[in-house]
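Residue numbers (our numbering): -11 to 143. Before any comments, here is the structure.
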């Protein structure tokens, strides 16, 4: 269940799809961002040295996540796109809640959507599996959105 969000720049999926190197090669994926409940932030390369791998700690629910984790994930995507290390694949275990939410936050922060709600609606139209938990949406709106500086020039 891999979905293209921004043509040849941003994809979203579940963990199972992200492990299919044939698909990653076919789509020319250069960067992967893993959202995991057991992870700490780190950046590395895959075994072949072909892809940048980023990992950010995010729990599938509002409680226990830090604003910094959301901001690190958005920054990872922005940096990869700015330095042309695209496409970027953002994924979590099921590909339904955390990864679509991070992609929506990126769309909002990059000025590609006027509001976070518009960005979530866009995600639902591009990735039918999107079903971000309400506690995540509330946390993002209350704590993360106020910390985001929206780009004046869309990426």
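Virtual Cβ for every residue (Gly too), placed ideally from N, Cα, C.
Query: Is the separation between the beta-carbon of residue 62 and that of residue 94 shorter than 8 angstroms?; Result: yes
Query: By Cβ distance below 7 angstroms, which residues in the same chain neighbour residue 91 in space, the five residues on each side in sequence not counted?; Result: -7, -2, 0, 78, 111
Query: Cα separation between residue 8 and residue 101?; Result: 30 angstroms
Query: Between residue 120 and residue 85, which are expected to be in contact by the criterion C-beta below 8 angstroms, what is the C-beta distance as a whole number of angstroms?; Result: 5 angstroms
Query: Find the nearest neighbour of residue 40 within the set 107, 114, 72, judged by alpha-carbon distance.; Result: 72
Query: What are the boundary residues of the alpha helix (DSSP H) that residue 56 is part of?; Result: 55 to 70
Query: With DSSP collapsed to three states, give me the class of residue 1.; Result: strand
Query: If we call anything under 8 angstroms between Cβ atoms a contact, is residue 70 one with residue 44?; Result: no
Query: Give every residue of the same chain whose Cβ lies closer than 6 angstroms to the Cβ of residue 17, excluding the five residues on either side of it in the sequence, and list them in chain order.; Result: 75, 77
Query: Around the Cβ of residue 13, are there at least 16 other Cβ atoms within 10 angstroms (buried) or fewer (exposed)?; Result: exposed
Query: Could you compute how far the alpha carbon of residue 141 sits from the alpha carbon of residue 99?; Result: 7 angstroms
Query: Go to residue -7, then tell me how far its beta strand (DSSP E) extends in each direction, as first and last residue.; Result: -9 to -6
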